[in-house]
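Participant: Just dropping this structure here.
2 protein chains.
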Amino acid sequence: MVAIPYLIVVYDISEGRVNKVRKKLKKYLSWVQNSVFEGEITEGKLKKCKNELLKIINKDNDSIYFYSLENKLNYKKTIIGIEKDMTGNIL
Amino acid sequence: MVAIPYLIVVYDISEGRVNKVRKKLKKYLSWVQNSVFEGEITEGKLKKCKNELLKIINKDNDSIYFYSLENKLNYKKTIIGIEKDMTGNIL
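If you're matching them up, the sequences are chains A and B in order. Numbered according to this note's numbering, the first sequence spans residues 201 to 291. Numbered according to this note's numbering, the second sequence spans residues 201 to 291.
Printed below as a string of structure tokens:
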């Protein structure tokens, strides 16, 4: 069985484009904090996601980091303060 | 040799407290994007860092997530758009 990579995505995008970026990321991953998405994603889908994002962002100003972990057992997540519930947010 | 954990920290903090949180995180980690810090940190220092942050944040409103990876070889980081240079930012 091949492990599916686990992805953490963080971004810093100008106001005018940020909702488009969020909508795109929401297709593939879970929205977990204002500027953070995470979830399991195959290499193929990740490539597709990146290509779609490249059509939205301004490459000289916007910034998206992808931290790809071998699988979801490979990290430990702890939270201080509240766990943000972004599921109800409409884009 | 014991591997030092590699940490990715993302936060969503109210305007009035965000610079205090950044100053604190900057003591321990590298500022890599508007709301993201990362770096190697021992378990002891991480505990100290969290305790200090708990004195700053409002636990009912603010949110800090800590993704702790076993070591820095355990993930792959890719960037689309620009790599933010936060080193010159004064807090």
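Cβ coordinates follow ideal geometry from the N, Cα and C atoms, glycine included.
So what does DSSP say about Glu270/A, is it helix, strand or coil?
Facilitator: coil
Participant: Along the alpha helix (DSSP H) that carries Glu243/B, what are the first and last residues, could you check?
Facilitator: Where Glu243/B is concerned, the enclosing alpha helix (DSSP H) stretches over Glu243 to Leu254.
Participant: Which two residues bound the contiguous alpha helix (DSSP H) that contains Lys220/A?
Facilitator: It spans Glu215 to Tyr228 - the alpha helix (DSSP H) in which Lys220/A sits, taken as one unbroken run.
Participant: List the endpoints of the continuous beta strand (DSSP E) containing Ile280/B.
Facilitator: Tyr275 to Gly281
Participant: Is there contact between the stretch 269-279 of chain A and the stretch 267-275 of chain B, where contact requires at least three CB pairs shorter than 8 Å?
Facilitator: yes
Participant: Cβ closer than 9 Å: which chain B residues qualify as neighbours of Gly216/A?
Facilitator: Under the 9 Å cutoff, chain B gives no residues; its nearest Cβ is about 14 Å from Gly216/A.
Participant: So what does DSSP say about Ile208/B, is it helix, strand or coil?
Facilitator: strand
Participant: If the cut-off is 9 Å on Cβ atoms, which residues from the stretch 256-268 of chain B count as contacting chain A, listed in chain order?
Facilitator: Ile257, Asn258, Lys259, Asp260, Asn261, Asp262, Ser263, Ile264, Tyr265, Phe266, Tyr267 and Ser268
Participant: Strictly by DSSP, which residues pair up with Ser155/A?
Facilitator: Within the shown structure, residues of chain A are numbered from 201 to 291, placing residue 155/A beyond reach of any answer.
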